[in-house]
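Notes for the one structure printed next.
Chains as they are written, first to last, in the working numbering: chain U, 9 to 254; chain F, 9 to 302.
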């Protein structure tokens, strides 16, 4: 681990080792009964106390095994995705220099991301470690999903309001098939205030379904190698048409 | 290396000390070795004694805010009844000077205050007092906040004070207190024998030691059912309510590591107490041990 921490930034193979070791240290074995209670319990707590992000994380892990396998297959289906799975890159304030990104030219992916994080007052270090998944690759796919979630928000131009979150959950749910995303999309929408619910039903939801189905698989995008890509080019490549406010 | 160790401690796991079933031993039975540090148990892990204090401290730092809620959920509220019975057994009279060890969030001390108030013994001119003592300041802070909220801090007839100290090394004079209580705290101490010696020292002659602690069920079928509930469900509840699995896994394991009723009784006698008795509650899930400094 000492070797790992000192040369982590320079060697991609040691990054992978770090993640595997971290996953093993955090791993908590659970049986079917415990997973069932965790599923029901975390869903209930997440609904009652939306600020409990750890409950969403828990729900995602205990219900996500099949979806994670699907996501892994999809990653291996593209060269960019396969590279991600091989190198296991992480996104946090140590691996990504936000200061550099914020000074990049406007309308680049990196700049859009840095501005998004600043405008919504969020940090890339708030993503919880995976606890209930034993397989290192599946565990990584879950960790990666969490760490690119803000990038998905940023590139879809969706704010971190309830409306934005629900919309992103729909796109992610369609693409990843994670039950937690699908559930979040449905239940989250139930909590929308009347004005936002109207917007959701008329514009956001149809757009989310269209985007989720027609866009490229966003989990297989190696964002860290595309910081200087123009955002409009990125959208064209990904087949994303941003939602324009009416 | 030091950084790695503190990270591993924080996440509560050590690759080297995997759960060793059957390697249960009690800290009082460890023989000091020339080269090795003294080892003890931390739940089902084996750790150095100085590490155990730190790890236990970490557990209670983490659980303090949700401590009372978790107690209610894990025991389905029954812990309240256990503590009520505990205070009835103590049956304090006016003029009692109580040391409530591992008293953290105040459950026992508040019952003590209520008991004296209900018996209208506060009308007597003998002042009573309670020192709430805990090794963990965070737990004491939660207790102080509860005392404020529930109006105990304004109680005129009973003097209440809060002390952050280690039960194995009390910064208190000999023969000071007439009663010493410890409720669900002693099994977390590294050297239980030292705690008992200190309890004996600070009690006045005639003083009473009273301990409420988890114990072993005499009926093995019931013990099995209790084990299933403990190991399967309690850490899950910890995850859902407090967002923490590992501290509750530790708590459940530490119960199994603690001596049974008879063994604990002999340990209390070894510390010098006499007329040592115990009473099982809820089929032996916990027990109240009592002894006198005679």
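The beta carbon of each residue, even a glycine, is placed where N, CA and C say it ideally should be.
These numbers were taken from a predicted model, which means no experiment stands behind them.
Checklist entry - Since residue 234 of chain F is in the alpha helix (DSSP H), which residue starts that stretch and which ends it? => result Within the second chain, numbered from 1, the residue matching residue 234 of chain F stands at position 226. 228-236 is the span of the alpha helix (DSSP H), which, as asked, contains residue 234 of chain F.
Checklist entry - Hey, out of U:229, U:145, U:224, whose CA is closest to residue 76 of chain U's CA? => result As a first step, residue 76 of chain U is located in the first chain; it is residue number 68 there, counting from the start. Considering only alpha carbons, the answer is U:145.
Checklist entry - residue 148 of chain F versus chain U: which residues are under 7 Å apart at the beta carbon? => result Within the second chain, residue 148 of chain F is the residue found at index 140, counting from 1. Neighbours of residue 148 of chain F on chain U: none; closest Cβ ~27 Å, over 7 Å.
Item to check | Inter-residue Cα distance where the pair is residue 143 of chain U and residue 109 of chain U | outcome: Residue 143 of chain U sits at position 135 when you count from the first residue of the first chain. Residue 109 of chain U sits at position 101 when you count from the first residue of the first chain. Between residue 143 of chain U and residue 109 of chain U, the C-alpha separation is close to 33 Å.
Next on the checklist: Considering only the alpha carbon of each residue, which of F:79, F:117, F:165, F:121 lies closest to residue 142 of chain F?
Outcome noted: The residue given as residue 142 of chain F occupies position 134 in the second chain. When each option's Cα is compared against that of residue 142 of chain F, the closest is F:117.
Checklist entry - Ordered along the chain, which non-local residues of its own chain (more than five positions away) have a Cβ less than 8 Å from that of residue 65 of chain F? => result Here residue 65 of chain F corresponds to residue number 57 of the second chain, with the count starting at 1. Its chain contains 143, 144 as the residues whose beta carbon lies nearer than 8 Å to that of residue 65 of chain F, once the 5 sequence neighbours on both sides are disregarded; these appear in chain order.
Item to check | Bridge-paired residues (DSSP) for residue 108 of chain F | outcome: Against the second chain, residue 108 of chain F aligns to sequence position 100. Residue pairing by DSSP puts residue 108 of chain F in a beta bridge opposite F:140, F:189.
Checklist entry - Residues in the stretch 240-255 of chain F with C-beta within 9 Å of chain U's C-beta atoms, listed in sequence order? => result Residues of the stretch 240-255 of chain F whose Cβ lies closer than 9 Å to any Cβ of chain U, in chain order: 240, 241, 243, 244, 245, 247, 248, 249, 251, 253, 254.
Item to check | Opposing strand residues paired with residue 174 of chain F [DSSP bridges] | outcome: The residue you call residue 174 of chain F lines up with position 166 of the second chain. Bridge pairing for residue 174 of chain F: F:177 [DSSP].
Checklist entry - At which residue ranges does the stretch 210-250 of chain U contain complete alpha helix (DSSP H) runs of 4 or more residues, listed in the order of the chain? => result Segments of the alpha helix (DSSP H) lying fully in the stretch 210-250 of chain U: 213-222, 239-246.
Checklist entry - Does DSSP put residue 162 of chain F in a helix, in a strand, or in coil? => result Position 154 of the second chain, counted from the start, is the residue given in the question as residue 162 of chain F. Note: residue 162 of chain F maps to helix in three-state DSSP.
Next on the checklist: For residue 66 of chain U, would you say it is in contact with chain F, using Cβ-to-Cβ distances shorter than 9 Å as the test?
Outcome noted: In the first chain, residue 66 of chain U corresponds to position 58, counting from 1. Under the Cβ criterion of 9 Å, residue 66 of chain U is counted among the residues facing chain F.
Checklist entry - Closest Cβ-Cβ distance between residue 60 of chain U and chain F: below 9 Å? => result Here residue 60 of chain U refers to the residue found at position 52 when the first chain is read from its first residue. Chain F, which has a Cβ nearer than 9 Å to the Cβ of residue 60 of chain U, makes this yes.
Checklist entry - Which parts of the stretch 75-135 of chain U are runs of the alpha helix (DSSP H), unbroken and 4 residues or longer, counting only runs that do not cross its ends? => result Within the stretch 75-135 of chain U, the complete alpha helix (DSSP H) segments at least 4 residues long are 87-95, 106-110, 117-127, listed from N- to C-terminus.
Next on the checklist: Between the stretch 157-164 of chain U and the stretch 43-63 of chain U, can you find at least three pairs of beta-carbon atoms closer than 8 Å?
Outcome noted: Touching, no, given that fewer than three Cβ pairs across the two stretches are closer than 8 Å.
Checklist entry - Of all Cβ atoms in chain F, is any one closer than 9 Å to the Cβ of residue 50 of chain U? => result Here residue 50 of chain U corresponds to residue number 42 of the first chain, with the count starting at 1. With 9 Å as the cut-off, residue 50 of chain U counts as an interface residue toward chain F.
Next on the checklist: Out of F:300, F:296, F:301, which one is the CA nearest neighbour of residue 87 of chain F?
Outcome noted: For the purposes of this step, residue 87 of chain F is taken as the residue at position 79 of the second chain. The shortest Cα separation from residue 87 of chain F among F:300, F:296, F:301 belongs to F:296.
Item to check | Status (buried if at least 16 other CB within 10 Å, exposed otherwise) for residue 157 of chain F | outcome: One-based indexing of the second chain puts residue 157 of chain F at position 149. Its Cβ having fewer than 16 others within 10 Å, residue 157 of chain F is exposed.
Checklist entry - What first and last residue would you give for the beta strand (DSSP E) that runs through residue 214 of chain F? => result Here residue 214 of chain F refers to the residue found at position 206 when the second chain is read from its first residue. That run of the beta strand (DSSP E) goes 211-222.
Item to check | Alpha-carbon spacing of residue 243 of chain F relative to residue 275 of chain F, whole angstroms | outcome: Here residue 243 of chain F refers to the residue found at position 235 when the second chain is read from its first residue. Here residue 275 of chain F refers to the residue found at position 267 when the second chain is read from its first residue. Cα to Cα, the separation comes out at about 30 Å.
Next on the checklist: Please state the DSSP three-state secondary structure of residue 193 of chain U.
Outcome noted: If you number the first chain from 1, residue 193 of chain U lands on position 185. The DSSP-derived three-state label of residue 193 of chain U is helix.
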